[in-house]
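Residues 497 to 914 (my numbering) make up the sequence shown, in order.
Yeah, the Cβ is synthetic: ideal placement off N, Cα and C, and Gly gets one too.
Structure, as structure tokens:
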Amino acid sequence: MKLIIYLREESYFLLLKKGVVHTEGILGSERSPEDLCKEYAISAVRILISRSKTFLRTVSFPFSSPSKISLVLEEELRSLFPLPLDQLTVRWHLKSRKKDSATILVSAWEKSFLDPWESLQKTYRFSLSIGCEQDFLFNLFRSSGHTSYDVIFFDSRYLSLISVRKGILSMASSSFTEDFSFSPETLFPEGTSGPLYYVGPSSLLPKKELIPSPILLDVASLSRQSRIFDLLTAYPAISTSSGFRTFSLRSRTLIINPFMVALSFLYLAFLLILLRPLFLLPSAKKEASLASLKVEETFRRYFPPVSRLVNPVSQAEEKVRGFHQEKGTLVSSLSPLEIMRAITDAIPETVPFRVSRLTLHGTTLFLACDTHSLADVEKSASLLRKSSLFQGVKVSQISFGPEAVTFTVVMDILHDTE
497 MKLIIYLREE SYFLLLKKGV VHTEGILGSE RSPEDLCKEY AISAVRILIS RSKTFLRTVS
557 FPFSSPSKIS LVLEEELRSL FPLPLDQLTV RWHLKSRKKD SATILVSAWE KSFLDPWESL
617 QKTYRFSLSI GCEQDFLFNL FRSSGHTSYD VIFFDSRYLS LISVRKGILS MASSSFTEDF
677 SFSPETLFPE GTSGPLYYVG PSSLLPKKEL IPSPILLDVA SLSRQSRIFD LLTAYPAIST
737 SSGFRTFSLR SRTLIINPFM VALSFLYLAF LLILLRPLFL LPSAKKEASL ASLKVEETFR
797 RYFPPVSRLV NPVSQAEEKV RGFHQEKGTL VSSLSPLEIM RAITDAIPET VPFRVSRLTL
857 HGTTLFLACD THSLADVEKS ASLLRKSSLF QGVKVSQISF GPEAVTFTVV MDILHDTE
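Given below as structure tokens:
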């Protein structure tokens with residue numbers, strides 16, 4: 497037996513036995529999910545979430561790369577939903593896309609809708625699927641051969657609308673109304689494109705010729721609860737999942753800062769050195785002293801001009817760095833002031849760009865910056881790439897704060913070296 501769950505005002509259910517309606521009702525007030533599983537041998541559970549139970553948001557970005565969108569989308573969505581993101585299942589797809597911008601449509605529903613069924617699935621071994629009403633209506637008419645169309649679904653007091661443009665779901669809305677008037681101009685303020693499909697009572701249609709391919713199941717209705725069950729029963733092969741490419745939110749990953757890890761190890765090593773005398777035996781201390789003398793002797797042997805030893809290791813590293821520079825290590829001839837002047841020339845004052853830290857290693861420049869938005873991050877990086885002084889400009893470690901967006905710029909300096 498197959499069980500269909502439709503989540504709208506209530507959790508409606510319809511039980512099919514060999515494609516024929518066996519029983520229907522409302523979960524909670526009449527029966528619990530476990531009651532149905534105990535009473536019937538259910539082989540498949542199909543959950544359909546109405547548009548009224550789905551959150552839809554439209555978000556625009558100043559870039560078009562899906563990978564970049566995935567990188568920042570989670571932070572963008574935190575304030576757009578009434579529930580925390582960890583309580584939602586989130587999917588999104590590209591609604592429109594240009595060379596330097598993109599608009600996406602985000603849909604989300606509560607994870608709790610699946611909780612009781614996932615628990616029962618382990619015991620009763622049925623297949624489980626979940627989908628959305630707007631995706632089902634999208635798939636129902638996509639085989640018509642049109643890439644743009646609009647759908648009106650009216651079920652008692654419930655109205656659901658979708659618009660499809662260029663094969664992509666671009667709009668979905670729903671409402672509860674007592675007075676339904678079939679007026680495409682009112683229902684679709686932004687206009688319709690292509691065929692207009694209607695699923696609902698034929699008595700509400702002003703003129704039949706307005707509808708290219710009407711699907712009317714009000715006469716042959718099988719369910720006393722919702723016309724959506726009639727559609728799912730009449731078209732069992734139509735999927736309730738998205739009919740176009742979608743993306744999910746990236747799972748959170750732990751970002752490890754190599755500098756902080758190294759600093760932690762150095763701090764632990766320093767603590768061990770401080771506590772070393774408490775644990776070592778006198779003989780071990782004597783061996784340490786001998787080893788220190790050997791280090792000093794070795795240093796004096798290889799660096800005879802040095803008369804005073806303070807820290808042999810640090811002094812040896814300083815000598816090695818001096819040798820590297822003498823051998824031709826590239827060092828920028830520009831001063832930090834000249835570098836900042838070049839950055840100021842590259843980025844005009846109209847761009848809200850601020851450098852909080854500048855670090856120069858050879859000819860590699862590290863900038864810790866902040867600005868107002870992601871668009872300003874992209875614009876700042878683009879302007880630096882156009883400068884004749886810099887090359888290999890890379891942006892990383894983007895972070896969103898309450899008042900600014902912070903990020904790191906790494907680039908090489910193109911200049912005569914000395």
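(request) Locate the beta strand (DSSP E) running through M497, then write down its first and last residues. (result) Taken as a continuous stretch (DSSP letters only), M497 belongs to no beta strand (DSSP E), as it is neither H nor E.
(request) May I ask you to report which of helix, strand or coil DSSP gives R547? (result) Correct three-state label for R547: helix.
(message) Let's see if you can read the secondary structure: which residues bound the alpha helix (DSSP H) around D611?
(response) 611-620
(request) Could you round the C-beta distance between S561 and F743 to whole angstroms and report it? I think they count as a contact, below 8 Å. (result) 12 Å between Cβ atoms; not a contact.
(request) Compute the beta-carbon to beta-carbon distance between I538 and Y620, rounded to the nearest angstrom, for a pair I have assumed lies under 8 Å. (result) 7 Å
(message) Just verifying my parser: in three-state terms, what is the DSSP assignment at I724?
(response) helix
(message) Can you tell me whether L759 is helix, strand or coil according to DSSP?
(response) helix
(request) Identify, in the order they occur along the chain, each residue of the same chain with its Cβ nearer than 7 Å to the Cβ of R574, setting aside the five sequence neighbours on each side. (result) L581
(request) Would you kindly report the start and end of the unbroken beta strand (DSSP E) that includes F862? (result) 860-867
(message) Need the endpoints of the beta strand (DSSP E) that S852 sits in, please.
(response) It spans 850-857 - the beta strand (DSSP E) in which S852 sits, taken as one unbroken run.
(request) Return yes when the Cβ of S625 is within less than 9 Å of the Cβ of A922, no when it is not. (result) For residue 922 there is no data in the structure shown, the boundaries of the chain being 497 and 914.
(request) Determine contact between the stretch 515-535 and the stretch 586-602, defined as no fewer than three beta-carbon pairs at a distance below 8 Å. (result) With the cut-off at 8 Å, the stretch 515-535 and the stretch 586-602 do not touch.
(request) With a 10 Å radius around its C-beta and 16 neighbouring C-beta atoms as the bar for buried, classify P578 as buried or exposed. (result) exposed
(request) Decide if V757 is buried, meaning its Cβ has at least 16 other Cβ atoms within 10 Å, or exposed. (result) exposed
(message) How far does the alpha helix (DSSP H) with D675 in it extend, from its first residue to its last?
(response) Premise fails: D675 is in no alpha helix (DSSP H) and is neither H nor E.
(message) Need the endpoints of the beta strand (DSSP E) that Q630 sits in, please.
(response) Looking at the DSSP string, Q630 is not in any beta strand (DSSP E); the run it does join, the alpha helix (DSSP H), is 629-638.
(message) Let me make sure I understand the geometry here. Which of L576, F557, V602 has the alpha-carbon closest to that of K595?
(response) F557
(message) For S883, which residues in the same chain have their Cβ closer than 6 Å to its Cβ, ignoring the five residues on either side in sequence?
(response) Counting only Cβ-Cβ distances below 6 Å, and skipping sequence neighbours, we find A842.
(message) Suppose the cutoff is 7 Å on Cβ atoms and the five residues either side in sequence are ignored; what does the same chain contact list for R527 look like?
(response) G521
(message) Going by DSSP in three states, L713 sits in which element: helix, strand or coil?
(response) In this prediction, L713 scores a pLDDT of 43, lower than 50, which makes its location untrustworthy; no coordinate-derived value is stated.
(request) Flag this pair as yes or no: are the beta carbons of F632 and V660 separated by less than 9 Å? (result) no
(request) Measure the C-alpha to C-alpha separation of Y693 and S737 and round it to an integer number of angstroms. (result) 20 Å
(request) Figure out for me which residue from L601, S722, V847 has the closest Cα to the Cα of S876. (result) V847
(request) Would you mind working out which of V901, L768, R553 sits nearest Q893, comparing C-alpha positions? (result) With respect to the C-alpha of Q893, the residue from V901, L768, R553 having the closest C-alpha is V901.
(message) Quick check: what's the CA-CA separation for L499 versus V873?
(response) Per the coordinates, the alpha-carbon of L499 lies some 51 Å from the alpha-carbon of V873.
(request) Using the Cα positions of S597 and L767, report the straight-line distance between them to the nearest angstrom. (result) 52 Å
(request) Under the assumption that F678 contacts L700 (Cβ atoms under 8 Å), give the Cβ distance between them as a whole number of angstroms. (result) Going by Cβ atoms, the distance from F678 to L700 rounds to 5 Å, so yes, they are a contact pair.
(message) Report the CB separation of C865 from S878 in whole angstroms; it is logged as a contact under 8 Å.
(response) Not really, about 14 Å apart at Cβ, beyond 8 Å.
(request) Return the chain-ordered list of same chain residues with a C-beta closer than 6 Å to the C-beta of L750, the five sequence neighbours on each side being excluded. (result) No answer about L750 holds up, because its pLDDT of 44 lies below 50 and its placement is not dependable.
(request) Would you give the residue range spanned by the alpha helix (DSSP H) that K591 belongs to? (result) No alpha helix (DSSP H) contains K591, which is instead part of the beta strand (DSSP E) from 584-593.
(request) Would you mind stating whether S603 and Q630 have Cβ atoms separated by less than 9 Å? (result) yes
(request) Whole angstroms is fine: what's the gap from F886's alpha carbon to G858's? (result) 14 Å
(message) Quick test of your reading: L657 and L683, contact by CB under 8 Å. State the CB separation rounded to the nearest angstrom.
(response) 6 Å
(request) Taking only the alpha-carbon atoms, compute the straight-line gap between T840 and Y763 and give it to the nearest angstrom. (result) Straight-line Cα distance between these residues: approximately 38 Å.
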